[in-house]
Structures are given as structure tokens and as C-alpha cells.
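Chains as they are written, first to last, in the numbering used here: chain A, 348 to 684; chain B, 14 to 355.
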């Protein structure tokens, strides 16, 4: 086992895959400098910079994937997919269905996501629910370095489009590039367990659509992804002192969902608390309720999500994003009512 | 009519002093996240904004603080906003990339190229509701590769919209040299869409003022859009704490962070042969060395200094103007910070 930071783990898994498979190429805005360690090992033919033309290079990545390459297309932030959504919504996600299952577009889209460092509502969104809404897209949201590397490998082996979301608070490079910029005068609430951790000596792909139970609990199941998992684990420790035993389920994959694990966790406790940094309405939190209702499980339900456009001011932002305080309050209420 | 260099210099100086103060607040950690300053592009902002009047609109990019202030937005409100305060320009909800002032018809966006469609829409409503009014779009040359901006230029051309497209060209698309990622010539590109293109020296406020004035008059007269291309140098690179600039300013601290993992990766087995690896290394070195000197130190790049030199013969009024502007900025900052502390 080795110890790695989050983005270091993703790049290490990517390097392993690139050494094994010459079809894998990386492209994106500033990729040559951002992924410079891969550039000096694999050369400029496989680590390619792009103009600020998301529609063109993402669309091209989808088509290159259809014709034999395994492109990893990186956009600066998931928010910027708004500029080029057509490539995913109407093309990458549709090829397999339109071709009668005969043709696929195995492109990996890598994008930083999430907030907590004061960049405002156009640069801090999560959007995994928005992406998972579209049939045909796999959406991965790792919460630890080990999962990040394993899921990157899984995305590369997947025979279709996969979106790989990298939370900026967990990423040592993004939180420095965008948040602190080399300053020591700012501090963000970075979950240490997610930012740095043990990783295998040789990467193996993790199964897509497989959740992992991070903590056992008798009274309620807290379910989430990304930084939400760490906020839940932190809240759980406080709840324990109040005599509430909460389990924490890390979905790891938003699409496809691990329905079996969700049903098991909630059936056991009869209570579901969703922690979702993505928007509350029409998203992951509602989908989880639907999965359980369809399975005929009766349960009590609460959710802690982002309800509005994420405000820029740090204090306002901390109140808007799911925080441990809100999680604890919701858990107590679930136990009381 | 010749430009009033005194008032243009006052605008530029005020903007410079305000942004230098903002940089300090950012350094102290009072401003969170990214901070894109306009230090180095003051001549372009002032030369264009000085022509605007009531009813004119501005579509700004992620670097719009200076243009907002020059347009007349109270700097106290701007600083409060950057501090994330509830009494800031946007209630602390927008931040510097998302500054909005309905009163001035000025809107910002952190999405590269988004100023294009916004200016086109502002100009469309002007045609109906504010005849003679214009809309200005500010963006960098990196945005010229963004579809939505090029589509907007075509739209403005086809609909004869009163738009001035202002391209502030610093040569960099974040960390990528723009020329490596751009086909053809930007001015030719604009002309190809039927938008007349004019060039002005982006370090010379009088030159920008004259070029912008003619283009805006043209738009007001219903003759359609113009593309104004002006070069500048951003003193802080893409944003504060920009890694390439950090490396130049603190090489001993920053270089090992880059070079050690880079060297390790260069020699790792598996991957490309030596020529490809060397080509990769060359790309990294070229980008790193292209900012081999701190842009702040090269005074020839400084549009504020250049305007000042033209006024230097008039020593007394210059001193008075500078004292006045300095006091204004100082008082504004004190007011914003006092409120933040209470």
C-alpha cells in the first residue's frame, strides 16, 4: 500500500492505464500544464491542450471514442459543461441506443465539482443529479483517493460514456489552484480522510454501481457521495454522543445506483437521511426515495441538500452547502418525529 | 475631439489603486477563492467605458471589477461584495466574477465568451427601447475560440446590432499560449463575420479612446457592430496566486514543487520513448519560461504609468489629481472595511 493525495491517485491510476493502453489520450483546457507529469511521461501526442472551445473538443472526444480512441476529456469545472452539454446529452448518451446497441462512445469526462472555498454559484456546483438524469451516462463521484483511482480505471474500462467528478475540496491541486492560490491566510473545511489516504500498489478497477458502507448504524442510514460522505461521518460521531447510531453509506456511483445496498441500509434502520451537495429538487435525494418506495420499503425520510444558487460569501456559502450542523439537526428530527 | 487625458488618467489610477488594495485583501485571506484582477488592462477599460452614457449596457467577463468601477458603481459597494458582506453590491452573493448592477445595465459572467450573447441581447433591447444606446462586450482573446462568442458576432452583424466587441488580448488562455490554440487571425475572423475590426494599442489610453469612440458612434448611428482588438499584459497573470507567476516571484520555494515530481515522472518506466518525453518536457519548460520575468517589473507594460508620463509636465495639477484619487480610494476602503469589522 502507498499513501496518496486525491488527485495524485487519479493521475497515478490514469498513468498506469495509459502505460497499458496506447488508445488512451488526455485532452482539455490547460491539460499540458495541469497534467504535466503525464505529459513528460507520455508525450504531447497523448496529453493534448485545447482552445477554450468546450463544444468542439468534448464533441470531438465523443466521436474519437466512437472510432477507437479512449479519450479522457477534461473540462475546467463541471459548471462549464453548460457550454457544451449537447455533446453529452444528445450525442454521447444516445449513440448506443440509436445504433441499436451496435456502437458506443467510451469517452471519459473528467471534471472538478463542488464548493466550500468561495468561488460563487457559477463555479461550485455539483450537478451529478443533472447528469445522471440522462439515460446512457455513467456518473462517478469518488470520496477517497483509493476510490478515485479505482473508479478512474473503471471509467476507462467502461464501454460507454462516463463522467468522473473530482470534488475540489478533496483535490490537493484544485483547492490550491482555485482556492488558496499559495496563501496561508485561508483555510477550508477539507475532510482529511478524503483528501489523503492509502491506495493499492497496483490499481484495479472498482465495480461501477457498487456502494460501500463507511460506518455501521442501528437507528438511521445516512446516504451520500463525495464530500457529503465525510460530512455525514463527522456528524455521526457527534450523534453517537447523543445516543443516536447512524450508518453512513457512500454511493460512489450516482448512475447506476446501487439499489440493493440502499434498500438494505434503509430496511434495516427504517430511516433515510440523504446528504447531497447537489440541488435538492428533482435530483439524487428524491431518486433515493423513489427507489425505496418502488421496492416497497416503508421508511422515514429527511434530506440535507443545496437548495439555492450557491452564494459567494463564505459564511452564506457554509450555511447553504450541507454541513454537519444541518445533518445533525435533521437526524435528531428523524428520531423524534 | 481629443481625449481628456486628465479624466482618463484619474479613472485608470483609481482602478489601479483599488485593485492593488483588493490584492492585499486577498493576500490577507479576507477575499476567498479566485481573484482575477484587471491590473495592466486599465487603458482598454478606461478608453472604452469613458464613452458610455445612460442607457448603454456592459457585458463583462470574470475580470470586470475595473470596468464596473469606471462605469460609476460605488467602489465601497464593490469592496463589500468582494468581502462577501450582506451590504455588498450583490448582497455578498455574487463575488467578483458575478458582479451585477441593474442601474448601470452591467452584468458579469465567469463563463468564457458569455459576454458575446449578453451584449447582443442588451443591444437588441436597445434597438427597441433605447434608440442610440449601445452595448459593450469585454472578453479576452482566449474567448475568441468559444462558439457562443463567434455566434454572437455573426448575430450582431446579421441584425446590425449596436455592439462593441472589445477583445483584451494578453496572449494567454489561462496557462496556454493562445497562439498555439488559435487558427488564423482574430481581426480577419471578425471581418469574415461581417464585423469591421480595428486595432488599438491597449497600453495607450488615448488610442483606445479614439478607436472605441469611432466604433461607438458608428453603433449609435445604426451602422452595426465593431470588433476592437487591443493588446495588454496582466500583471498578475490569469489570477492572483497564479502558479506561473508564483514560480517567477518565489523560484526557490515553487520550483522544487514542480520539478521534483516532474523529474520522477519523466524517468518512470512505461509510456513513451525518449523523443516524446523530451517533447513533453519542452512544452512544460516553454510555458514556464515564457513568463521568465515578473510582468509587474516591466514598466513599459504599464498603461497607467504611460498616461502619467504624458501629463508629467503639469506637475502641480497632477499631484492634486493623484492626492484626490488616492484619498477617494482610501476613504472608500476604510468605509468598507470598517463596516466589515463591525
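Every residue gets a Cβ at the ideal spot worked out from N, C-alpha and C, and that includes glycine.
Annotation: the stretch 551-621 of chain A contains the following complete segments of the alpha helix (DSSP H) (minimum length 4 residues), in chain order: 574-588, 606-616. CA-to-CA, the gap between residue 433/A and residue 187/B works out to about 24 Å. One finds 387, 388 in chain A with Cβ atoms closer than 8 Å to the Cβ of residue 279/B, taken in chain order. For residue 273/B, not one C-beta of chain A is nearer than 7 Å to its own C-beta. Around the beta carbon of residue 355/A, 16 or more other beta carbons sit within 10 angstroms, so the residue counts as buried.
Counting only residues of its own chain and dropping the five nearest sequence neighbours on each side, residue 517/A has a CB closer than 6 Å to the CB of 353, 541, 542.
Between the stretch 490-499 of chain A and the stretch 631-651 of chain A, the count of Cβ pairs shorter than 8 Å is below three; the stretches do not touch. For residue 229/B, the uninterrupted alpha helix (DSSP H) run begins and ends at 218-233, by DSSP.
Spanning the alpha carbons of residue 66/B and residue 117/B requires a straight line of approximately 9 Å. Distance from the CA atom of residue 51/B to the CA atom of residue 249/B, rounded to whole angstroms, is 9 Å. One alpha carbon belongs to residue 297/B, the other to residue 303/B, and they sit about 10 Å apart. Chain A places no beta carbon closer than 7 Å to that of residue 166/B, leaving this residue out of the contacts. Per DSSP, the continuous alpha helix (DSSP H) segment holding residue 83/B begins and ends at 78-84. Within chain B, the residues 187, 188, 189, 256, 257, 296, 297, 300, 301 have their CB atoms less than 9 Å from the CB of residue 380/A, given in chain order.
Taken atom to atom, the span from the alpha-carbon of residue 56/B to that of residue 217/B is near 6 Å. Among the bridge pairs identified by DSSP, residue 459/A is matched with 513/A.
Judged by their CB atoms, residue 651/A and residue 673/A are nearer to each other than the 7 Å cut-off. Using a CB distance cut-off of 7 Å, residue 469/A counts as an interface residue toward chain B.
Non-local beta-carbon contacts of residue 331/B in its own chain, meaning distances under 6 Å to residues more than five positions away in sequence, involve 324 in chain order.
Residue pairing by DSSP puts residue 421/A in a beta bridge opposite 375/A, 457/A. With contacts defined by Cβ atoms closer than 7 Å, residue 586/A and residue 678/A form a contacting pair. For the pair residue 64/B and residue 225/B, the CB atoms are nearer than the 7 Å cut-off.
For residue 151/B, the enclosing beta strand (DSSP E) stretches over residues 148-153. For residue 661/A, the nearest CB of chain B lies under 7 Å from its own CB, placing it at the interface with that chain. Non-local beta-carbon contacts of residue 147/B in its own chain, meaning distances under 8 Å to residues more than five positions away in sequence, involve 65, 69, 70, 136, 139, 175, 176, 177, 229, 232, 233 in chain order. Comparing C-alpha distances from residue 344/B to each of 27/B, 183/B, 21/B shows the shortest one belongs to 27/B.
With a threshold of 7 Å between beta carbons, residue 655/A makes no contact with chain B. Rounded to the nearest whole angstrom, the C-alpha separation of residue 533/A and residue 43/B is 8 Å. Using a C-beta cut-off of 8 Å, the stretch 499-513 of chain A makes no contact with the stretch 524-531 of chain A, since fewer than three inter-stretch Cβ pairs fall below that distance.
At a beta-carbon threshold of 8 Å, the residues of chain B lying near residue 391/A are 289, 292, 293, 296, ordered along the chain. Taking 7 Å as the cut-off, the beta carbon of residue 439/A is found no closer than this to the beta carbon of residue 455/A. DSSP places residue 157/B within a helical segment (H, G or I) once states are collapsed to three.
Shown here, residue 524/A sits in a helix according to DSSP, grouped into three states. Of all residues in the stretch 132-164 of chain B, those with a C-beta nearer than 8 Å to a C-beta of chain A are 155, 156, 158, 159, 160, 161, reading in chain order.
For residue 57/B, the uninterrupted alpha helix (DSSP H) segment begins and ends at 55-62. The contact set of residue 365/A on chain B, defined by CB atoms closer than 8 Å, consists of 284 in chain order.
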